[in-house]
Every structure is written in structure tokens, then in C-alpha cells.
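Scroll down for the structure; my scribbles are underneath it.
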Amino acid sequence: MKIEKNTVVSLRYKLTDAQNNIIEEPDSPMVYLHGGYEGTFPKIETLLDGQDLGYEASIQLEPSEAFGEYDPGLLKIEPRARFPEPLEVGMQFEGVPDAEEEEDSDEADDEPLIYTVTDVADSQVVLDGNHPLAGMALRFWVQVEDIRAATDEEIENRHPEGGEAFAFGMPTDDSDDGDDEFIGGISDAGASSPTLH
């Protein structure tokens, strides 16, 4: 079977930066639904389209093809009193608790930003809304471990059975209640390897 739209692909991968420093090399494969379901980066899907079991390749993604350019406008300084205790560097939040900016936003339909705590002071917290890998050129080594036809349910749900849509290092929240919610300590303080699935 070849990789084509509506196949479920199990992919071993290694992610490095442009200097070949390993960012992530998971023990288990990434499993995604192929065919434009945002299960992986479009450039990787294009590379894999039509390939067979065992196919192996390396590819470089520029920031615009991966997590985007780093946006200094996504840095925020907020009063520490808005955050729960204990508060540690590396914790992540969906939106900013009690933020008053939502009423100014015309982009209510957009996915809420995930902010990572990058510094904690006595009275203030520094938050970064950029993805941890924003602004970086990334190199992926990939190897196709398995290919199978997707079920109708997997196609309808836009992801493989038992899996969630990949957020590439960012937690997902499918609720549509519009409230900013604390996500919690998604990554440990000092963690240098964001999870890609």
C-alpha cells in the first residue's frame, strides 16, 4: 500500500535544529491521518505522498513551513496575582487568566494562544505566546513504519482512532466555551524537548 489521502501512516522521526542538535527522537512512532488533515506539516505530507512502507528521507523546514517566525509581540508581562500557586517556569496557560484584551479581539474564531511562563518575579510573570520552536529551521528524519486504510470514523474525526489531532508541542482543548482556562504544568521547568504529538 502506498501513502495517499485517507491512509493512516505510522512514522518514526527524529527532529533536530539546523545545527543537528536533537530536539526530539521519540521511542514510539507518530501516527497521523494523511491527506490534509493537519496531522503533520504540509511539506512532510508532500514528501511522503505516494511513498511505500520503509521509505526514509530527511527534510528541512524553514520557520514559515513549521512553527512560524518568532513574534516579539506575543510576549506579555502580567501581574503574578492572576496566576495560581505554585507557579513555575515552563507552565502553560490557554489565554491569560482574567485578561481584558478579549473584547478588543476581532479574531474570536481563532484558536486560543498557549502562553508559556518564561520568567517569574515577585509581582510579575513573563509569558510567551510563541511556540517553543518558533523562528527555528528544523530538520526531520522520517521513516514510514506502517500504512493502512483509514476507517470512515477516522476520516470523519480527522485523526486516527485513539489519537488526537497533533498540536506539535501545544496542548489542545476542543471545548468551545470561550473561557480562558489554566492548562497546568504541561512541560516541566527546564524541559528542553517539546513534545510533537
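Take the sequence shown: its letter number 138 is residue 147 in my numbering, and every next letter is one higher.
Quick reminder that beta carbons are idealized off the backbone N, C-alpha and C, glycines included.
#### Entry: Where the alpha helix (DSSP H) containing Asp207 begins and where it ends
Past the edges of the chain, shown from 10 to 206, lies residue 207, and the structure says nothing about it.
### Query
Opposite Thr16 in the DSSP bridges: which residues?
On the sequence shown, position 7 is the one that residue 16 refers to. For Thr16, which the question treats as bridged, DSSP gives the partners Ala158.
### Query
In angstroms, rounded to a whole number, what distance separates the CA positions of Pro51 and Asp131?
Translated into the one-based positions of the sequence shown, residue 51 becomes position 42. Translated into the one-based positions of the sequence shown, residue 131 becomes position 122. Rounded to whole angstroms, Pro51 to Asp131 spans 43 Å at the Cα level.
#### Entry: Simplified DSSP state of Ser73, which is helix, strand or coil
In the sequence shown, counting from the first residue as 1, residue 73 sits at position 64. Note: Ser73 maps to helix in three-state DSSP.
### Query
Short check: CB of Phe76 to CB of Ala146, under 8 Å?
Your numbering for residue 76 matches position 67 in the sequence shown. Your numbering for residue 146 matches position 137 in the sequence shown. Against a cut-off of 8 Å, the Cβ pair of Ala146 and Phe76 comes out as no contact.
### Task
Tell me, please, which residues DSSP counts as bridged to Asp128.
As a working mapping, residue 128 is identified with position 119 in the sequence shown. In DSSP, Asp128 forms a bridge with Val135.
### Lys52: first and last residue of the uninterrupted alpha helix (DSSP H) it sits in
Position 43 of the sequence shown, counting from 1, holds the residue named residue 52. Element bounds for Lys52: 51 to 57.
### Query
Is it right to say Ala159 is buried, meaning 16 or more other beta carbons lie within 10 angstroms of its own, or is it exposed?
The residue labelled residue 159 in the question sits at position 150 within the sequence shown. Buried.
### Message
Using only the alpha-carbon positions, how far apart do Val126 and Leu96 sit?
### Response
Numbered from its first residue, the sequence shown carries residue 126 at position 117. Numbered from its first residue, the sequence shown carries residue 96 at position 87. For Val126 and Leu96, the distance between alpha carbons rounds to 8 Å.
### Task
Can you say whether Met100 is buried or exposed, counting buried as having 16 or more other CB atoms within 10 angstroms of its CB?
Locating residue 100 in the sequence shown gives position 91, counting from the first residue. Buried, because 16 or more other Cβ atoms sit within 10 Å of the Cβ of Met100.
### Message
Based on DSSP bridge pairs, tell me the residues matched to Glu87.
### Response
The residue labelled residue 87 in the question sits at position 78 within the sequence shown. Under the DSSP definition of a beta bridge, Glu87 partners with Val134.
### Task
Report the partner residues of Ser67 according to the DSSP bridge assignment.
On the sequence shown, residue 67 is found 58 positions in, with the first residue counted as 1. BP columns for Ser67 point to Trp150.
### Task
Kindly indicate which three-state DSSP category Glu94 falls into: helix, strand or coil?
To locate residue 94, count along the sequence shown from 1; it is residue 85. Looking at Glu94 - three-state DSSP - the assignment turns out to be coil, as it is neither helix nor strand.
### First through last residue of the beta strand (DSSP E) which encompasses Met39
Numbered from 1 along the sequence shown, position 30 holds the residue referred to as residue 39. Per DSSP, Met39 belongs to the beta strand (DSSP E) from 39 to 42.
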